[in-house]
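Going line by line, the protein sequences match chains A and B. The numbering used here numbers the first residue of the first sequence as 4 and each following residue consecutively. The numbering used here numbers the first residue of the second sequence as 132 and each following residue consecutively. Working notes, beginning with the structure itself.
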Amino acid sequence: QVQLQESGPGLVKPSQTLSLTCTVSGGSISSGSHCWSWIRQPAGKGLEWIGRICTSGGTNYSPSLESRVTISLDTSKSQFSLKLSSVTAADTAVYFCARMNYGSGSSDYWGQGTLVTVSS
Amino acid sequence: DIQMTQSPSSLSASTGDRVTITCRASQSISSFLNWYQQRPGKAPKILIYAASSLQSGVPSRFSGSGSGTDFTLTISDLQPEDSATYYCQQTYRTPTFGQGTKLEIK
């Protein structure tokens, strides 16, 4: 059973960089059939797709966040990471990592989510 | 960006009822449409992928249809555990989600 677990600071100061890591277990992060993604959800609001990285190293980001986002992959640690720079209070949200199926793009395995608050 | 519009935003139904949620894309997305269920405090769960394919382990009460710009999620024989928010997602281009439909079971 594939499992994903987010980790990282729960509090980030405005203008700083938010950094999160997702650790994958129970399956290979190097599978050519999957990509790895980040999604966020502000409290009481809907889901916002942030971006993804595939095992080829190719990335794809939401146009609204592209200038501030970097997603990277460390296959040796079975992890992928999110960096979001120049954060503001609007970036406060629960951040989820998820596995994307290459064909349909659907996300079949998700982490439990981690709350990141941007505040001084 | 491809905009996804769900309707209704919320609905209430009784156990045993059948409900339909619609999702409209701002341009054609072929069948690159997925449906998720999210219960409070939990991660989303995939129900339907590629517009009409039932995810393994999901009850057959859930079904999806549509192609192009108009899609539907139908839940038959509603159960109390179906109380949740449902999201559509397009993956034809850079993925985007609908705004969600909150389903209450009376």
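Note that beta-carbon positions come from the ideal geometry of N, C-alpha and C, so glycine has one too.
Can you name the residues of chain A whose CB is closer than 8 angstroms to the CB of residue i?
i       : result
Y217(B) : None at all; the shortest Cβ gap to chain A is about 11 angstroms.
T225(B) : W52, N63, Y64, S65, P66
Please confirm whether residue i has its beta-carbon closer than 9 angstroms to some beta-carbon of chain A.
i       : result
F163(B) : yes
G195(B) : no
S184(B) : yes
G199(B) : no
Q169(B) : yes
P175(B) : yes
F202(B) : no
Counting only beta-carbon atoms, is residue i nearer than 9 angstroms to chain B?
i       : result
A101(A) : yes
P45(A)  : no
D94(A)  : no
Q115(A) : yes
S70(A)  : no
G29(A)  : no
To the nearest angstrom, how far is the alpha carbon of residue i from that of residue j?
i       : j       : result
S75(A)  : S157(B) : 31 angstroms
E212(B) : I152(B) : 17 angstroms
I206(B) : F193(B) : 5 angstroms
Y218(B) : A46(A)  : 16 angstroms
S184(B) : E9(A)   : 29 angstroms
D77(A)  : G35(A)  : 15 angstroms
P17(A)  : K48(A)  : 21 angstroms
I53(A)  : Q221(B) : 14 angstroms
S161(B) : Q134(B) : 14 angstroms
E69(A)  : W166(B) : 25 angstroms
S33(A)  : Q115(A) : 21 angstroms
Y98(A)  : I42(A)  : 6 angstroms
S59(A)  : A181(B) : 23 angstroms
For the putative contact between residue i and residue j, defined by C-beta atoms under 8 angstroms, what is the C-beta separation to the nearest angstrom?
i       : j       : result
Q186(B) : I177(B) : 5 angstroms
L87(A)  : L21(A)  : 4 angstroms
R149(B) : D201(B) : No, R149(B) and D201(B) are not in contact; Cβ-Cβ is about 19 angstroms, not under 8 angstroms.
C38(A)  : C57(A)  : 4 angstroms
G11(A)  : T117(A) : 7 angstroms
T73(A)  : V121(A) : Incorrect: roughly 17 angstroms between the Cβ atoms, too far for contact.
Q230(B) : S140(B) : 7 angstroms
Would you call residue i buried or exposed, if buried means 16 or more other Cβ atoms sit within 10 Å of its Cβ?
i       : result
Q4(A)   : exposed
A96(A)  : buried
A93(A)  : exposed
P175(B) : buried
T227(B) : buried
Y105(A) : exposed
T146(B) : exposed
R55(A)  : buried
Q44(A)  : buried
R102(A) : buried
T136(B) : exposed
Along chain B, which residues have their Cβ under 9 angstroms away from the Cβ of residue i?
i      : result
W41(A) : Ordered by position in chain B, no residue passes the 9 angstroms Cβ test against W41(A), which lies about 11 angstroms from the chain.
Y59(A) : A small correction: the amino acid at residue 59(A) is Ser; Tyr does not occupy that position in the sequence shown. Per Cβ cutoff of 9 angstroms: no residues; S59(A) is ~17 angstroms from chain B at best.
G49(A) : T216, Y218, F228, G229, Q230, G231
Say the cut is 8 angstroms; is the CB of residue i nearer than that to a heavy atom of the ligand GDP?
i      : result
V15(A) : The ligand GDP is not part of this structure, which contains no ligands at all.
Anything in chain B within Cβ reach of residue i, meaning under 7 angstroms, just list it in chain order.
i       : result
L110(A) : A quick correction: the sequence has Ser, not Leu, at residue 110(A). I177, listed in chain order.
Anything in chain B within Cβ reach of residue i, meaning under 8 angstroms, just list it in chain order.
i       : result
S107(A) : F163, N165, Y180, A181, S184, T222
Give the interface partners of residue i over in chain C, defined as CB-CB distance under 7 angstroms, in chain order.
i       : result
D132(B) : Reference to chain C is not applicable here, since the protein chains of this structure are A and B.
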